[in-house]
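Numbering (my numbering), first residue to last: 10 to 445.
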């Protein structure tokens, strides 16, 4: 199941014309990466973003090449290549990275700017900007002004299921992890008000529950929902400006009705597309043991020796074995018996599957939409979706991102946090119940 030097069958680009700092502007960043947007005039690169690695405390952290290979072998294989655009590894120079680092430093948020860009890297990840459609009109100023407004919602919906393993705590079968986490946050901050949003509503495949879920999610001032209008990130979703955008996008003057219609449109698109059903299915089946059961089994062995480094794993073999096991699931032992009969190879497989599940739980979903226009269709639209407003039909596309591998070293953190969440929920005496 391991390969000493996995091949990365991805596009490697030598494009020195892109290595000019003036062609890129700061877009945003997370814990491990900084994202830049292309602002030059090259038609091929229009609508592209560049993901650069920040300095990391561990030299064993996965490289960009291994991150790309992992995404292709896991998320693309499980969800389908229509959701994951082709990713290129762009060769970069230290001179380019140093200049970019200096250029963007004043634009970075204070909570992030203490960790600098890693200027020693030789490649960066080049990918399409999921918040925009691909439109030839963008490079023709006269026509660009006639393009309809594009709205992109970036969603982090987290866990889609509750565990069914007989050995897990009953509390885990009462409320989902996201909702139980609210009680741990209240333990840490007594003034914290648990949010109303429950991910299981959005993953329910029931339109009424999905609309409620998105409405609740919008009210949360967190990073679970971001909005882009014509590719530009809007910092404040409570602003009058954003409300105005939504009213124009839906063609409805009443703001409450406009938002209700937006959540309805979003729910119907996601139901029609099926991405949430697929995510839920694989999250749940890849996490068949639950960390409460899996981690104690792993520590009975030398876990680091058992799992090896992340980049040595043949992830396509892991996925193939997982999919094969689903086909023969009716012939396997019940979960209650499974943990007592796992051999070391099966335990390793279960640990690798859990790792993939953690990626799918942290995935970002981009839903990009635009009203039908005579200047369309965009070349990358998934479909034209009918909706009962005077605007009639909306083009949409759905893409996923944040497909990085989670380090094996986090297994202990997952187990510890899982116990903290469970204890806080039980000790609160909460009656909260989630419905899957």
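All C-beta atoms in this analysis are idealised placements derived from N, C-alpha and C, irrespective of residue type, glycine included.
Query                                                                                                                                                                            : Result
Which residues mark the beginning and the end of the beta strand (DSSP E) in which residue 33 is found?                                                                          : 33–38
Find the nearest neighbour of residue 94 within the set 100, 101, 86, judged by alpha-carbon distance.                                                                           : 86
Name the residue from 203, 198, 112 whose alpha carbon lies nearest to the alpha carbon of residue 186.                                                                          : 203
Counting along the chain, where does the beta strand (DSSP E) carrying residue 136 start and finish?                                                                             : 132–137
Does the beta-carbon distance from residue 106 to residue 128 come in below 8 angstroms?                                                                                         : yes
Would you check if there are 3 or more beta carbon pairs closer than 8 angstroms linking the segment 408–417 to the segment 201–217?                                             : no
Thinking C-alpha only, which one of 428, 359, 325 is nearest residue 306?                                                                                                        : 359
Exposed or buried, what is residue 379 when buried is set at 16 or more other beta-carbons lying within 10 Å of its beta-carbon?                                                 : buried
Below 8 angstroms on the Cβ atoms is my guess for residue 73 versus residue 133; work out the distance and round it to an integer in Å.                                          : 6 angstroms
Does DSSP classify residue 265 as helix, strand or coil?                                                                                                                         : helix
Check the Cβ-Cβ distances between residue 192 and every residue of chain C, and say whether any is below 8 angstroms.                                                            : Absent from the structure is chain C; it holds one protein chain and no more.
So if DSSP puts residue 394 in a beta bridge, which residue, or which two residues, is it bridged to?                                                                            : 403
What does the alpha-carbon distance come out to for the pair residue 444 and residue 421?                                                                                        : 29 angstroms
What are the residues that DSSP puts in a beta bridge with residue 46?                                                                                                           : 34, 58
Can you tell me where the beta strand (DSSP E) holding residue 242 begins and where it ends?                                                                                     : 241–243
Is the beta carbon of residue 139 less than 8 angstroms from the beta carbon of residue 375?                                                                                     : yes
Measuring CA to CA, which of 39, 37, 137, 50 is closest to residue 29?                                                                                                           : 50
Spatial neighbours of residue 27 within its chain, please: CB distance less than 7 angstroms, with the 5 preceding and 5 following residues excluded, ordered by chain position. : 54, 99
According to DSSP, what are the bridge partners of residue 236?                                                                                                                  : 162, 243
Indicate, with yes or no, if the ligand ADP has a heavy atom lying under 7 angstroms from the CB of residue 140.                                                                 : By its list of ligands, the structure shown contains no ligand whatsoever, and the ligand ADP lies outside what it can speak to.
Does the beta-carbon of residue 241 have 16 or more other beta-carbons within 10 angstroms, so that it is buried, or is it exposed?                                              : exposed
Alpha carbons only, please: which of 251, 272, 295, 270 is nearest the one belonging to residue 170?                                                                             : 295
Classify residue 379 as helix, strand or coil using the three-state DSSP reduction.                                                                                              : strand
For residue 4 versus residue 234, is the C-beta spacing smaller than 8 angstroms?                                                                                                : Because the chain in this structure spans residues 10 to 445, residue 4 falls outside the shown range and cannot be described.
Here's the rule I'm using: 16 or more other beta-carbon atoms within 10 Å means buried, otherwise exposed. How should residue 260 be labelled?                                   : exposed
Rounded to the nearest angstrom, what separates residue 62 and residue 176 at their Cα positions?                                                                                : 40 angstroms
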